[in-house]
Amino acid sequence: MPDFAMLDFDAALAQLLAQAQAVTTTEAVPLAAALGRVLADDVCAAINVPGFDNSAMDGYALHVPDFSNPPEQYLVVQRIAAGEVGTPLAAGEAARIFTGAPIPAGANAVAMQEVCSVDGEQLRVNLTLKDGANIRRVGDDIAAGAVILPRGVVLTPAMIGLAASVGVAALNVFAPLRVALLSTGDELVEPGLPLQAGQIYNSNRYVLINALKALGCVVSDLGIVPDDQEATIAALQYAAQSHDVLITSGGVSVGEEDHVKSAVEYLGKLNLWKIAIKPGKPFAFGKIGACDFIGLPGNPVSALVTFLMLVRPFILARQGASQTSPARLPLIADFDWKKAGDRREFLRARLNATGRVELFAKQGSGVLTSMVWGDGLVDLPIGQTISRGDVVSYIPFNSLGA
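Mapping of the sequence shown onto the working numbering: residues -1 to 400, in sequence order.
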């Protein structure tokens, strides 16, 4: 049995990413099914957006012959709604126009309706305008031929909308990873069933299922494995045969009822075990045949934090994503932290009304309410203390998909 040295967080993450073999198979999916998938090819615009000069607001399109000496009044000669095409304007003429409607030939400015007064067909503009005011020019947003989405991005609703705006109906994406999920522990009970003495509800199962689905994975929920060596070996062997990645929660520590670590070593190879982070020290990574194995701690916060900070980047890299690191913001601490630790700590926190970062009162690895209360993590290096007013490294949950 190998003797594993406890790795620091950065070394562990680097090792995971170095062993993340990106999928090469691709498939075309319609826009409605593309959310969370990783783009396999650049998307280029075949058209300009907008495709024609159009009005940025409701108002009046004007033909101003001289902006230094504009007419006192304009003659309103037509009405142009979105989807309609007007006729050319002569000098001193105006067209009632609505947002998104094409600018008629001859028009060189749009006056918003709030600064206009109309008497019959006579229009007076109560504001000095500049050439091109309130006109969205052809190609202002996107020029034909431009790369609008680069290969490797994880598709968001806005990105999918951008593809639709240039007429793309389907996107070429990398095939999803097939991920098997196993929970371990005789103490676990499914929600909806009565609890017996010493039992707890299995929250990790539902946290991880949904976190994996949000990453575009195809998830096989293989349920709960009892605390038994033979049953654990059988469950891991079965899962590894038909999946790209196998994730377990619980059972990777060194207790008499923790069988996952030894089962992986029996079936395959364990490359990483124990990381100098808090929460989440008992984290494991290895291989069972061609299947990647990841063992998460059993405590709910430990499982979720290690998933977000280690597993999520690994999954993204395996799915061909070009960016796997979350955003980090330098923010001001609204707390004191005097307990210098010997492990890298990820503290549950949120922005308060002053724009500073405050901590949840209880930072225990079983306190899942801290992840709901918070909106991010404070990344605290080994041996560091924090005084109120110090700058801290803050990782927002929205950059982690949480």
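Using N, Cα and C, we set each Cβ at its ideal position, and we do this for glycine too.
Using only alpha-carbon positions, find the residue among GLU25, LEU213, MET4, LEU186 that is nearest to ARG203.
LEU186
Mind checking ALA125: buried by the 16 CB within 10 Å criterion, or exposed?
It should be noted that the sequence gives Leu, not Ala, for residue 125. LEU125 is exposed by the Cβ-count criterion.
Secondary structure at MET415, three-state DSSP: helix, strand or coil?
Residue 415 lies beyond the range of the chain shown here (-1 to 400); nothing can be said about it.
Once DSSP output is grouped into helix, strand and coil, what is the label at ALA237?
helix
Which first and last residues belong to the alpha helix (DSSP H) in which ALA107 is found?
Careful: ALA107 lies outside any alpha helix (DSSP H), inside the beta strand (DSSP E) at 107 to 110.
C-beta contact flag for ALA38 and ASN170 at 8 Å:
yes
Could you check which residue in VAL36, ALA315, ALA400 has the C-alpha nearest to that of LEU147?
VAL36
At 4 residues or longer, what runs of the alpha helix (DSSP H) sit wholly inside the region 241 to 283?
258 to 265
Proximity of THR19 and ARG354 at Cβ, strictly below 8 Å
Strictly speaking, residue 19 in this sequence is Gln, with Thr absent from that position. Not closer than 8 Å, so no.
Under the assumption that ALA456 contacts ALA59 (Cβ atoms under 8 Å), give the Cβ distance between them as a whole number of angstroms.
Nothing can be reported for residue 456, as the shown portion of the chain is limited to -1 through 400.
Measure the alpha-carbon distance for GLY364 versus ASN297 and round it to whole angstroms.
5 Å
Here's the rule I'm using: 16 or more other beta-carbon atoms within 10 Å means buried, otherwise exposed. How should LYS267 be labelled?
exposed
Would you mind stating whether GLY84 and ALA92 have Cβ atoms separated by less than 8 Å?
no
In the DSSP assignment, what are the bridge partners of VAL374?
Checking the sequence, you will find Gly at residue 374 rather than Val. Bridge partners of GLY374: ALA347, PRO394.
Please report the straight-line C-alpha distance between GLU112 and SER163, rounded to a whole angstrom.
30 Å
Should the region 142 to 161 be regarded as contacting the region 24 to 36, the criterion being three or more beta carbon pairs within less than 8 Å?
yes
Have a look at the DSSP bridge pairing and note the partners of PRO328.
SER391
Helix, strand or coil: how does DSSP classify PHE305 here?
helix
Threshold first: 3 residues or longer. Then list the beta strand (DSSP E) segments lying entirely within the region 149 to 219, N to C.
168 to 172, 176 to 182
Grab the span of the alpha helix (DSSP H) containing ILE384 for me, first residue to last.
From DSSP, ILE384 is part of no alpha helix (DSSP H); its letter is neither H nor E.
When you compare only the Cα positions, how much space is there between PRO394 and PRO311?
15 Å
Spatial neighbours of SER181 within its chain, please: CB distance less than 8 Å, with the 5 preceding and 5 following residues excluded, ordered by chain position.
ASN200, ASN202, ARG203, GLY221, ILE222, VAL223, THR246, SER247, GLY248
Pull up the CB-CB distance for VAL217 and LYS211, whole angstroms please, since I reckon it's below 8 Å.
6 Å
Looking at chain C, is there any beta carbon in it that lies within less than 8 Å of the beta carbon of ALA319?
Within the model displayed, chain C is absent; a lone protein chain is all it includes.
Would you call the CB atoms of LEU244 and PHE291 closer than 8 Å?
yes
For ALA331, the nearest candidate out of GLY196, ARG348, VAL47 (CA to CA):
ARG348
Distance check for VAL151 and ALA142, CA to CA, integer angstroms please.
21 Å
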